[in-house]
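Down below is the structure, laid out as structure tokens.
In my numbering, the protein residues as written are 3 to 162.
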């Protein structure tokens with residue numbers, strides 16, 4: 003058994019190594035597991051963690067639209083499942099040794115898209131007040147600006 007980044011330590015599930023596209027790059031190629039080989043060959047695009055992120059994002063999106071149509075219980079359940087999968091994706095990536103910049107971008111991109119979709123959909127449905135949608139947009143803009151500032155300073159924003 004070879005040690006991979008974060009294995010046996012207390013790094014957060016979404017923490018990924020800086021300076022490489024994925025944590026598999028920190029171990030000899032001959033020690034990669036099947037998940038790391040696939041992730042390495044696709045620059046982190048194809049992984050169970052990314053599949054988990056996409057399925058969770060779609061579940062959340064469906065839930066948002068169902069809630070907006072008045073199907074509140076069904077919508078809340080789907081949103082709950084989708085957002086749970088958003089946490090599980092990091093656990094999956096850590097377990098298989100496939101945490102990566104690509105996975106982080108997929109995860110963060112889906113999160114941002116869902117915030118926009120929810121704000122627009124729920125405001126149009128009269129569920130979310132316009133001022134709250136505006137405040138949400140400002141908050142997301144601040145997060146994006148802070149991440150850009152961290153990157154410009156040579157850092158890598160890592161959720162923890």
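From the three backbone atoms N, C-alpha and C, an ideal C-beta is built for every residue, glycine too.
Report, in whole angstroms, the separation of the C-beta atoms of residue i and residue j, which I expect to be a contact under 8 Å.
i           : j           : result
residue 24  : residue 100 : 6 Å
residue 55  : residue 88  : 7 Å
residue 47  : residue 138 : Their Cβ separation, rounded to whole angstroms, is 29 Å, which puts residue 47 and residue 138 out of contact at 8 Å.
residue 52  : residue 108 : 5 Å
residue 112 : residue 77  : The Cβ separation is near 18 Å, so there is no contact.
Would you report the Cα separation of residue i and residue j, rounded to the nearest angstrom?
i           : j           : result
residue 18  : residue 26  : 10 Å
residue 134 : residue 43  : 43 Å
residue 66  : residue 74  : 9 Å
residue 155 : residue 71  : 44 Å
residue 145 : residue 69  : 26 Å
residue 4   : residue 33  : Since pLDDT at residue 4 reaches only 43, below the 50 mark, its modelled position is unreliable, and the value read off the structure follows with that caveat. When rounded, the distance between both Cα atoms is 7 Å.
residue 84  : residue 124 : 17 Å
residue 57  : residue 102 : 18 Å
What residue range is occupied by the uninterrupted alpha helix (DSSP H) comprising residue i?
i           : result
residue 85  : 74 to 98
residue 119 : 103 to 126
For this session: For the stretch 30 to 42 and the stretch 114 to 121, state whether three or more C-beta atom pairs, one from each stretch, are separated by less than 8 Å.
Result: no
Problem set entry | Any alpha helix (DSSP H) of 4 or more consecutive residues that is wholly inside the stretch 28 to 80 | 36 to 43, 50 to 70
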